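Asker: Sequential numbering of the sequence shown, starting at 1, is according to UniProt numbering.
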Amino acid sequence: MMVDKANLYKATARSSGDNDERALLVVRDLRKYFGDPDRGSPVIAIDSVNFEVKRGDFLTLLGPSGCGKSTTLQCIAGLQHPSSGQIDMDGEIVFSDQQGITVPANKRKLGMVFQSYAIWPHMTVFDNVAFPLVHGSARVPSAEVKRRVMEALELVELDHLALRYSPHLSGGQQQRVALARALVHQPKLLLLDEPLSNLDVQLRDTMRVEIRQLVKQLGITTVFVTHDQAEAMSMSDEIVLMQSGRIMQKGTPRQIFLCPKSRFAADFMGRSNLIPAALNHDGTIADTPFGQLRCNPDHKLAPNSRALLVIRPQAIVVPDPEVDAVSPNTLLGEIRTLSFLGETVEIDLGINGHCLKVMADPYLSLSAGQVIRVVLPPERCLVVPDPDASDRTQAAVGLIGNGATASRNGAAVRETR
Ligand SMILES: Nc1ncnc2c1ncn2[C@@H]1O[C@H](COP(=O)(O)OP(=O)(O)OP(=O)(O)O)[C@@H](O)[C@H]1O
């Protein structure tokens with residue numbers, strides 16, 4: 001384990017700010033535009049980005065390629081000059097366009113690991129890790145350099161390879177060198193830009209756990225960038241989900257996975273049934289292609305509006321057929337296809353000519369063609385705005401209140417990923 005020496009390191013790195021309740025990093029209204037020579041108009045890489053990271057927290061910027069994650073991280077690091085906004089680090093403004101403040105990258109007391117690791121091939125492991133101390137703004141005595149480099153290498157369990165040249169290391173070892181180099185000057189903030197994406201799947205899984213344990217034990221506040229939702233969920237205290245330069249949702253992994261606030265969030269974080277719906281007069285019942293369904297009332301959509309009901313396949317309950325109890329949102333459907341995946345059984349359930357994706361308990365005895373009951377617990381039927389609502393005709397989904405039932409025509413039930 002990489003973490004055995006962490007307490008020693010933490011004791012050395014501890015400072016008076018450790019009990020400070022304020023966020024360690026505050027990003028306010030951050031914008032970054034790039035000139036686009038082809039079009040003459042600017043590329044909006046990030047637009048009005050706001051978030052905070054509490055001391056010791058692990059926050060992940062998550063989103064698809066091009067959504068602005070790396071640009072945000074580079075603005076925090078001081079490697080990109082934001083177009084406007086403010087960044088505070090440990091109570092100090094490091095960037096403010098209003099106040100004309102830009103603290104250079106090497107004065108920001110942070111460590112950074114890049115996707116490419118960016119370690120020098122002509123240097124030994126020791127020299128790579130020593131680089132920020134030897135070439136930093138403060139002069140560090142050589143005995144101190146040696147002590148701190150070896151301490152950082154012990155943290156990542158590479159002290160025995162200190163004299164090896166970096167091309168003679170495995171991918172995982174190179175990644176650890178980059179991590180040790182980021183930690184060597186005991187930063188308050190660690191920035192990690194897709195540091196695991198060059199590793200094979202198994203090593204990536206191991207490193208996820210080790211990195212999280214290490215930074216947690218060291219008490220280092222961390223901002224991590226990834227496009228991998230599983231990575232984000234397994235490592236983060238908080239996730240900032242981005243799309244097209246904007247924040248779509250912030251929250252714990254549980255909040256974002258279980259309570260997505262948009263089709264994008266539902267879609268990006270995992271599989272969902274996305275069911276076109278028309279809300280009733282108080283927003284608690286939705287008319288859908290599966291019939292009327294009670295939904296989670298905790299939404300901000302107007303009564304009678306069109307929406308999407310989001311329900312995850314694993315949120316759908318397949319009750320014991322022997323039990324007679326009738327729950328709200330009970331539907332009958334025929335199993336069209338069934339895949340036994342070991343941990344779960346994936347079912348495409350045909351209902352009213354539409355398909356509902358269900359993940360069922362693998363111990364249930366189920367087979368294709370069988371008609372089963374499923375329950376969509378109302379609190380798990382989340383209501384989010386339907387970005388395509390204006391594209392559908394009123395006839396596509398019947399409206400509650402006039403007694404119409406949901407039309408089977410046009411109202412496709414979208415199941416994603
Ligand atoms: N130097 C640049 N000049 C012009 N446009 C840029 C520049 N750097 C980034 N962009 C644009 O800004 C947007 C955000 O890019 P960014 O690299 O931050 O995205 P990302 O979410 O980190 O993507 P990825 O996961 O692919 O690295 C993209 O549209 C990108 O093309």
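We put the CB at the ideal spot given by N, CA and C, even for glycine.
Here the structure is a predicted model, which means the values were calculated and not measured.
Quick check on V134: buried or exposed, where buried means 16 or more other Cβ atoms within 10 Å of its Cβ?
Answerer: By 1-based counting over the sequence shown, the position of residue 134 is 134. Result: exposed.
Asker: If A232 and P253 are in contact, beta carbons under 8 Å, what's the gap, nearest whole angstrom?
Answerer: To locate residue 232, count along the sequence shown from 1; it is residue 232. To locate residue 253, count along the sequence shown from 1; it is residue 253. The pair is a contact, with the Cβ atoms about 7 Å apart (cut-off 8 Å).
Asker: Mind checking whether I275 and L308 have CB atoms under 8 Å apart?
Answerer: As a first step, residue 275 is located in the sequence shown; it is residue number 275 there, counting from the start. As a first step, residue 308 is located in the sequence shown; it is residue number 308 there, counting from the start. Contact: yes.
Asker: Under a Cβ-count criterion, where at least 16 other Cβ atoms within 10 Å of its own Cβ denotes burial, should V209 be classed as buried or exposed?
Answerer: As a working mapping, residue 209 is identified with position 209 in the sequence shown. Exposed, because fewer than 16 other Cβ atoms sit within 10 Å of the Cβ of V209.
Asker: Cβ-heavy atom distance between F34 and ligand 1 below 7 Å?
Answerer: On the sequence shown, position 34 is the one that residue 34 refers to. Yes, since a heavy atom of ligand 1 falls inside the 7 Å radius drawn around the Cβ of F34.
Asker: Quick check: the region 92–109 against the region 42–62, are at least 3 beta-carbon pairs closer than 8 Å?
Answerer: Touching, no, given that fewer than three Cβ pairs across the two stretches are closer than 8 Å.
Asker: Is A230 near ligand 1 - that is, is its Cβ less than 7 Å away from at least one heavy atom of it?
Answerer: As a position in the sequence shown, residue 230 is number 230, starting the count at 1. The answer is no for A230.
Asker: Using a threshold of 7 Å, is the CB atom of T71 nearer than that to any non-hydrogen atom of ligand 1?
Answerer: The count along the sequence shown starts at 1 and reaches residue 71 at position 71. The answer is yes for T71.
Asker: For the alpha helix (DSSP H) that contains M235, what are its first and last residues?
Answerer: Within the sequence shown, the letter at position 235 stands for residue 235. Per DSSP, M235 belongs to the alpha helix (DSSP H) from 229–235.
Asker: With L349 as the anchor, note down where its beta strand (DSSP E) starts and where it stops.
Answerer: Here residue 349 is taken as the residue at index 349 of the sequence shown, counted from 1. 345–351 is the span of the beta strand (DSSP E), which, as asked, contains L349.
Asker: If you compare alpha carbons, which of D282, H185, H81, R294 is closest to G35?
Answerer: Indexing the sequence shown from 1 puts residue 35 at position 35. The option with the nearest alpha carbon to G35 is H81.
Asker: Would you call the region 313–324 in contact with the region 226–245, where contact means no fewer than 3 C-beta pairs closer than 8 Å?
Answerer: Counting Cβ pairs under 8 Å, fewer than three are found: no touch.
Asker: Can you tell me whether C75 sits near ligand 1, meaning its C-beta is under 7 Å from at least one heavy atom of the ligand?
Answerer: The sequence position of residue 75 within the sequence shown is 75, counting from 1. No.
Asker: Give the straight-line distance between the Cα atoms of G350 and G291, rounded to the nearest whole angstrom.
Answerer: Residue 350 sits at position 350 when you count from the first residue of the sequence shown. Residue 291 sits at position 291 when you count from the first residue of the sequence shown. Answer to the nearest angstrom: the Cα atoms are 13 Å apart.
Asker: How many angstroms separate the CA atom of S84 from the CA atom of D97?
Answerer: Locating residue 84 in the sequence shown gives position 84, counting from the first residue. Locating residue 97 in the sequence shown gives position 97, counting from the first residue. Going by the C-alpha atoms only, they are around 5 Å apart.
Asker: Note down the Cα distance separating R306 from A368, rounded to an integer number of angstroms.
Answerer: On the sequence shown, position 306 is the one that residue 306 refers to. On the sequence shown, position 368 is the one that residue 368 refers to. C-alpha separation (whole angstroms): 33 Å.
Asker: Which stretch, first to last residue, makes up the alpha helix (DSSP H) that contains N128?
Answerer: Taking the first residue of the sequence shown as 1, we reach residue 128 at position 128. Per DSSP, N128 belongs to the alpha helix (DSSP H) from 125–134.
Asker: By the 10 Å Cβ neighbour count, where 16 or more other Cβ atoms means buried, how is S70 classified, buried or exposed?
Answerer: For the purposes of this step, residue 70 is identified with residue 70 of the sequence shown, where counting begins at 1. With 16 or more other Cβ atoms within 10 Å, it is buried.
Asker: The beta strand (DSSP E) with I87 in it runs from where to where?
Answerer: Locating residue 87 in the sequence shown gives position 87, counting from the first residue. Residues 84–89.
Asker: Mapping the DSSP letters down to three states, classify A278 as helix, strand or coil.
Answerer: Start at 1 with the first residue of the sequence shown, and residue 278 comes out as number 278. In this structure, A278 counts as strand in the three-state DSSP scheme.
Asker: Can at least three beta-carbon pairs, one atom from the region 163–171 and one from the region 180–192, be found at a separation below 8 Å?
Answerer: Judged by Cβ distances under 8 Å, the region 163–171 makes no contact with the region 180–192, as fewer than three pairs qualify.
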